[in-house]
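One structure is given below, encoded as structure tokens.
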Amino acid sequence: MAEITYREAVRQALREEMLRDERVFLLGEDIGRYGGSYAVTKGLLEEFGEKRVRDTPISETAIIGAAAGAAMDGLRPVAEIMTINFTLVAIDQIINNVAKIHYMFGGQFRCPIVIRTVGGGRRLAATHSQNLEVLFAHIPGLKVVAPATPYDAKGLLKASIRDEDPVVFIEHALLYGTRGEVPDEEYVVPIGVSDIKRRGRDVTIVAYSRMTREALIAAEELAKQGIEAEVVDLRTLRPLDMGPVLDSVARTNRVVVVGEDWRSFGIGAEVASRIQEEAFDDLDAPVLRVNQQEVPTPYAANLERLAFPSSQQIVEACLEVLNIRVGASVAAG
Amino acid sequence: MAEITYREAVRQALREEMLRDERVFLLGEDIGRYGGSYAVTKGLLEEFGEKRVRDTPISETAIIGAAAGAAMDGLRPVAEIMTINFTLVAIDQIINNVAKIHYMFGGQFRCPIVIRTVGGGRRLAATHSQNLEVLFAHIPGLKVVAPATPYDAKGLLKASIRDEDPVVFIEHALLYGTRGEVPDEEYVVPIGVSDIKRRGRDVTIVAYSRMTREALIAAEELAKQGIEAEVVDLRTLRPLDMGPVLDSVARTNRVVVVGEDWRSFGIGAEVASRIQEEAFDDLDAPVLRVNQQEVPTPYAANLERLAFPSSQQIVEACLEVLNIRVGASVAAG
Amino acid sequence: MTNERQEAVLLPHQKEKDHLLHLYRMMLLIRRFEERAAEEYTKGKIAGFLHLAIGEEPANVGTMAALRPDDDVFSHYRSHGHALARGMDPRAVMAELFGKETGVSRGRGGSMHLASLEHHFWGGYAIVGGHIPLAAGMALAHEYRGSDRVVLCIFGDGAVNTGAFHEALNLAGVWRLPIVFAVSNNFYGMGTAIERSSAVTEVYKRAAAYNMPGKRINGNDVLEVEATVRELVERARAGEGPSLVEMVTYRFRGHSMADPELYRSKEEVEQWKARDPIVVFRRRLEEEGTADAAELDAIVQEVEATVEDAVRFADESPEPDPDALFDYVYVNP
Amino acid sequence: MTNERQEAVLLPHQKEKDHLLHLYRMMLLIRRFEERAAEEYTKGKIAGFLHLAIGEEPANVGTMAALRPDDDVFSHYRSHGHALARGMDPRAVMAELFGKETGVSRGRGGSMHLASLEHHFWGGYAIVGGHIPLAAGMALAHEYRGSDRVVLCIFGDGAVNTGAFHEALNLAGVWRLPIVFAVSNNFYGMGTAIERSSAVTEVYKRAAAYNMPGKRINGNDVLEVEATVRELVERARAGEGPSLVEMVTYRFRGHSMADPELYRSKEEVEQWKARDPIVVFRRRLEEEGTADAAELDAIVQEVEATVEDAVRFADESPEPDPDALFDYVYVNP
Ligand SMILES: Cc1ncc(C[n+]2csc(CCOP(=O)(O)OP(=O)(O)O)c2C)c(N)n1
Ligand SMILES: Cc1ncc(C[n+]2csc(CCOP(=O)(O)OP(=O)(O)O)c2C)c(N)n1
Ligand SMILES: [Mg+2]
Ligand SMILES: [Mg+2]
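This is the structure:
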């Protein structure tokens, strides 16, 4: 076990898979000479050379299309789209080609690419701070992964690179510097398995990516008030593994779903809907959601703080589903 | 009152607004010489000339961007994107420019464009049959409209063209030939107001666009079994008007949400979440959803039939929320 | 870099009878196949979009004749001719149009999505320009592996105005990829004449912007097409990089079965039909004494029988198994 | 159509002292403003991305000097210089960088989103290439109204490889719109050298693909920039259509404040710094006897005071009102 950053975990996964499989190569903007805009690919050009670490023009449509075409012929491209905001100029390739190539031709071809991209961000204003994961989670044919910890990031990226289906792998700008334990030996984390990050009997908090961390912070806050929150990390958004969520709800009967995306038509909407569909009788209160306010992200520090969800808001939502007026506290039970 | 087709209703709205306001013009692929791929704009080139009915290259990004730039300077462009599938090559313009231009610059500019596009389709296979409305409904800064009847199509399009905010106006390929009453005198239908299309006391069916018609057919079916379904047509997806839905649920206590889009992370997820959040105690059963199966649309006739939602599936879902085994029937009350 | 209009010289084997008759047979097969497909469409056996290339057979056949079996083809939605000329079984191609399990894409794709792994025919694609980046990506795979396979990417004059075209050609240009871009310039994108959609109406001139040779040839002369494409393909195989060839041709039929053809005059169409490339080629074969009327008529009969057999096969073939609806969405669901 | 490298001839007013000193003052203002902004960034007063144009001041100032007040400017995220040269108040520009309500975009946009309706400065845009279609659209509005306003659209060498660039230039070319595309070619897009990203490294050559004149000029000679841009702007105003000008320049600082600059040598940077265009211009003014050292030093002092005042103003200005978080999302919520 070593404690490494989320950034390092992603780099290790890339490096190990490139060493394991000649067919794996990277392409994207400034992943080579520049060293990666978030320094994730730093050193890989030096180690693997220009053939396998390919700087591209500012042409996201060509990056995704080229990765997909190479994958159809058997390679294992890992395309980096610098931030999720820029996937929008390539989303036709992702939705109309990548997600459909296997189905549309009756299973003749495969498109096993990984699209690495980055959500979140701070003080970057409206076009550079988005969390657009739901745009991909809605699409049959895609798998969508959004890890919260270095352990999951490394294990899930290795699984994604080995997967026969296309995977949109969403990292988080504010998680790169966070640290966590990662085994020294080889491991993978399977796609499509949610994970309970904290046990608790009073309320269930469902989250993913950076919000899992906020949820854990909120849980510690609640613990001080004698409330034990269970934190379920979805890890994969498509396919969505509701099992651990439903088990948890069966025990806690109260749920808060947290996302850094906009609430309306966001990831949490599907999670909440599934819970009420599949655990209707378990619920003692409506499923509440905590999300970004529905504004294009403002640059001004004070407005941005108000726009993004906080652990405090998670705490308050938990107290609300528990019917506890903020301030008051309960003997858990 | 005259009975006209949905296609004619859209054309009338365009024509009347072009006559009313010199600043209104149309641009898009094959809307002029060709006569419109769905013949919606037929005759408008002849009446208004090439200045106001502009055929464009196959450049959706330029179409949306150009419309937005013209709108910033005070014009009222109505851009046609031939089908919603092709909005994907222009979605960066829609999400990163159109939706944010007013906010990002502190309210200095406005971007009052209407993006007319078309959902649905039959036997067109994976890339030409999509219902991608949720990709737009998720975005603050956009308004999203999806009318089901000629009356609503005309009234809402006129309101959209007059609106100071950008509107994504989603028509439906299979509705163009459908007929309905439209007043002879001038009228508009306000954006953001859901509409009860059928009264009923036993179960609420929430739908929009073509699914509203299927819901009404299902309601007639149910009536034969003594079940009175209320059909609420959302008409606008953003901003979402939950009022009529919640009122209805307060009376029926049972809801089915219908969409032609994929179920996971679709429009219905938000509607179901809002219902359980805001009418938790009114619900006697979980909110159920009826949607397209989660596959890229297959071309084969039999598979495609299985993939799309039908009035029969809506009937079954209603019986399920009413806890009625299919086949059996109830005396309503 | 040569950018002039240039006549190709006949290659030795292009003087051989067998080869010449093969080209004639293929052009006839495409013509007859599409005429019958149109009939079956009006009967309702084929649905959705059906795009005929009648009049463009020499460009279809000449391009395919220039390739090695292990070279790779990416085409657009108007690709019956490319599929047949590539050697795909007319039965399986017709069955795909019928949406049957025996179709080349198992009935999932239909007319716009013909593909065959065995023939390195990577698909018809229906998003204009969307396949061009895929083709560049496969060329990248060849360069990556040191393979001497070459990719041929086919699209129309309308596609050159898409962002995908630009990004893909720049990528091919800067990475010197082994690919030939073949444009069927039939002077219209749907109903929009090239001079109304393209700032530069001679498509080959676009090549200069990507530092690759561009050539304009008579796309209605199958021998010129074969010779020029072969020269460019072998050039790419020799490591000399990408190129673009503009094949001037004309579509006799409407854009699709739905086209009212308001945008062009009967005279214009008649003038081209008067120079029907198949008739011209047959006359040439007779005049040059390559074959006599009897031999050529025999081929006509043979083709007729082949097409009738294909229609019968398609009609009698089973639809896909309804239980297979979810097959091919994912390799590993 | 001229595509050669061509020297511009000085315009009469370019020999006048006032004008020459104005240009000097503006270049100094930009230099000093950005140096101070960098300091405030390291102090944490400015956050997110900060892109400096130090070294590129002549291109910033020359382009703006060529315009009429009612002409329109669209720029990218590296636009402090354009904003200041356009006459926007340094206080309000600095306040925007600080995220204050007194900022040009009310603190909502930050450094990447400077705008001023009054100055027809339609924004800084941060999606590379994304603003080019908007600029074409505003030019379309001018043509629509018969206005003689001209649009100037500024972007970098990296932006020419985006699909948006291609679609917008083709549209401008085919519709002969009154717009000038001005490319600041500083040889790098982030860390990617132009020869590694562009098939054609002389950007002006791309113009030929859109049937418009392309010119390459010394972007570090403010007089050459002003004269050439003015010529092209007046050409557009006279109805002679769009054009593209490539301004060769160099960025002294990193791409953004985060740039480790691994991709270029210290020597290369030093060589350019040795030819600092502001120093060169000052020497020229002195040598030609336009002004003496004392006069020029007075301008240095004046600029220094202006920038200090701007920083003080920005620092003392209030943040936006928290209650205004949702303002400007919609004109009519
Ligand atoms: C991105 C996109 N926009 C629009 C369409 C609708 N469409 C289908 S074919 C076509 C015309 C294409 O013309 P061209 O490239 O010249 O090929 P041709 O049909 O003439 O063979 C259009 C506009 C589409 N399929 N995809
Ligand atoms: C679509 C998109 N892709 C990537 C980025 C990240 N990015 C920001 S600036 C930049 C480089 C742009 O270079 P250039 O156009 O030459 O302008 P310069 O920064 O040199 O002034 C990149 C890649 C972006 N903002 N948008
Ligand atoms: Mg064409
Ligand atoms: Mg640059």
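Protein sequence lines correspond, in order, to chains A, B, C and D. Per our numbering, the very first residue in the first sequence carries number 54; after that it's consecutive. Per our numbering, the very first residue in the second sequence carries number 54; after that it's consecutive. Per our numbering, the very first residue in the third sequence carries number 5; after that it's consecutive. Per our numbering, the very first residue in the fourth sequence carries number 5; after that it's consecutive. Where a beta carbon is used, it is the ideal one built from N, C-alpha and C, also for glycine.
Can you tell me the Cα-Cα spacing of S91(A) and S262(A), whole angstroms?
-> It should be noted that the sequence gives Tyr, not Ser, for residue 91(A). About 17 angstroms.
Tell me W387(B)'s beta-bridge partners as DSSP assigns them.
-> Within the shown structure, residues of chain B are numbered from 54 to 386, placing residue 387(B) beyond reach of any answer.
Any residues in the region 342-371 of chain A with a beta carbon nearer than 8 angstroms to a beta carbon of chain B? Which ones, in chain order?
-> Cβ contacts with chain B: R342, E347, V348, P349 and P351.
Taking buried to mean at least 16 other C-beta atoms within 10 Å of its own C-beta, is N153(B) buried or exposed?
-> As written in the sequence, residue 153(B) is Lys, which differs from the Asn given in the question. K153(B) comes out buried.
Show which residues of chain A have a CB atom less than 9 angstroms away from the CB atom of T166(D).
-> The answer, in chain order, is P110, I111, S112, E113, T114 and V142.
With 9 angstroms as the threshold, decide whether the Cβ of N138(A) is near any Cβ in chain D.
-> True, the Cβ-Cβ gap to chain D drops below 9 angstroms.
Following the continuous beta strand (DSSP E) through Y129(D), name the residue where it begins and the one where it ends.
-> F125 to Y129 is the extent of the beta strand (DSSP E) around Y129(D).
Excluding five sequence neighbours on each side, which residues of the same chain lie with their C-beta closer than 7 angstroms to the C-beta of S109(C)?
-> E100, H117, L118 and A119.
Can you give the Cα-Cα distance for A370(A) and I328(A), rounded to whole angstroms?
-> Going by the C-alpha atoms only, they are around 17 angstroms apart.
Going along the region 133-146 of chain C in order, which residues come within less than 7 angstroms of chain D, judged by CB to CB distance?
-> Residues passing the 7 angstroms Cβ filter: none.
Interface residues of chain A around A87(D) at Cβ under 7 angstroms?
-> Those do not exist, as A87(D) stays about 15 angstroms from chain A at its closest Cβ, beyond 7 angstroms.
Looking at V335(D) and L251(B), is the spacing between their C-beta atoms short of 9 angstroms?
-> The residue asked about is misnamed: residue 251(B) is Arg in this sequence, not Leu. The answer is no: Cβ separation not under 9 angstroms.
Any heavy atom of ligand 1 within a distance shorter than 8 angstroms of the CB on H86(C)?
-> Using a cutoff of 8 angstroms, the CB of H86(C) does not count as near ligand 1, since none of the ligand's heavy atoms is closer than that.
Below 6 angstroms CB to CB, which residues in the same chain sit around S115(C) once its five sequence neighbours on both sides are set aside?
-> Excluding sequence neighbours, S115(C) sits near L54 and L101.
What is the rounded straight-line gap between the Cα of R112(C) and the Cα of E147(D)?
-> One Cα belongs to R112(C), the other to E147(D), and the distance between them is close to 47 angstroms.
Step through the CB atoms of chain A and report whether any lies within less than 9 angstroms of the CB of A318(C).
-> Closer than 9 angstroms: no.
Reduced DSSP category for V108(D) - H, G, I as helix; E, B as strand; rest coil = Residue state, collapsed to three classes: coil.
Comparing the CB of R176(B) with every heavy atom of ligand 5, is any distance shorter than 8 angstroms?
-> This structure does not include ligand 5; its bound ligands are ligand 1, ligand 2, ligand 3 and ligand 4.
Should E323(C) be flagged as near chain B, meaning a C-beta pair shorter than 9 angstroms?
-> Yes, E323(C) lies at the interface with chain B (some Cβ there is under 9 angstroms from its Cβ).
Confirm the yes/no value for this check: CB of F191(C), any heavy atom of ligand 3, distance under 8 angstroms.
-> F191(C) Cβ: within cutoff of ligand 3.
With a Cβ-Cβ cutoff of 9 angstroms, do M125(A) and A178(B) count as a contact?
-> Against a cut-off of 9 angstroms, the Cβ pair of A178(B) and M125(A) comes out as no contact.
At a Cβ cut of 8 angstroms, what residues of the region 99-121 of chain D count as close to chain B, listed as they run along the chain?
-> Residues G107, V108, S109, R110, G111, R112, G113, H117, A119, S120 and L121.
Near S201(D), what residues of its chain come up, given a Cβ to Cβ distance below 7 angstroms and the 5 sequence neighbours on each side ignored?
-> Counting only Cβ-Cβ distances below 7 angstroms, and skipping sequence neighbours, we find G162, N165 and G193.
For A176(D), collect the residues of the same chain with a Cβ closer than 6 angstroms to its Cβ; drop the 5 residues on either side in sequence, then sort them by chain order.
-> Around A176(D): A140, I183 and P246.
The alpha helix (DSSP H) enclosing H26(D), as first and last residue numbers | In this chain, the alpha helix (DSSP H) harbouring H26(D) covers K21 to T46.
Using a beta-carbon distance below 9 angstroms, is H225(B) in contact with chain C?
-> Among the CB atoms of chain C, none fall inside 9 angstroms of the CB of H225(B).
G218(D) at chain A interface by Cβ criterion, 9 angstroms | For G218(D), not one C-beta of chain A is nearer than 9 angstroms to its own C-beta.
Which of the residues in the region 203-214 of chain D, read from start to end, lie with their CB under 8 angstroms from any CB of chain C?
-> Residues of the region 203-214 of chain D with a C-beta atom less than 8 angstroms from some C-beta of chain C are A203, V204, K209, R210, A212, A213 and Y214, listed in chain order.
Which stretch, first to last residue, makes up the alpha helix (DSSP H) that contains N355(B)?
-> Its alpha helix (DSSP H) spans residues A354 to A360.
Distance between beta carbons of Y254(D) and N190(D), contact taken as under 8 angstroms | With 8 angstroms as the limit, N190(D) and Y254(D) qualify as a contact, their Cβ atoms being about 5 angstroms apart.
Is R255(D) near ligand 4, with its Cβ less than 8 angstroms from a heavy atom?
-> Checking every heavy atom of ligand 4 against the Cβ of R255(D), one is found closer than 8 angstroms.
When the cut-off is 9 angstroms and only beta carbons count, does S317(B) lie next to chain C?
-> No, S317(B) does not count as interfacial toward chain C.
For H55(C), is the beta carbon positioned less than 8 angstroms from some heavy atom of ligand 1?
-> For ligand 1, at least one heavy atom lies less than 8 angstroms from the Cβ of H55(C).
Does the pairing of the region 67-78 of chain C with the region 279-288 of chain C give three or more beta-carbon distances under 8 angstroms?
-> Between the region 67-78 of chain C and the region 279-288 of chain C there are fewer than three C-beta pairs closer than 8 angstroms, too few to call the two in contact.
Would you kindly check if the distance between the Cβ of L32(C) and the Cβ of V304(C) is under 9 angstroms?
-> Yes, these two residues count as a Cβ contact at 9 angstroms.
Count the other CB atoms within 10 Å of the CB of S317(A); is the residue buried (16 or more) or exposed (fewer)?
-> By the 10 Å Cβ count, S317(A) comes out buried.
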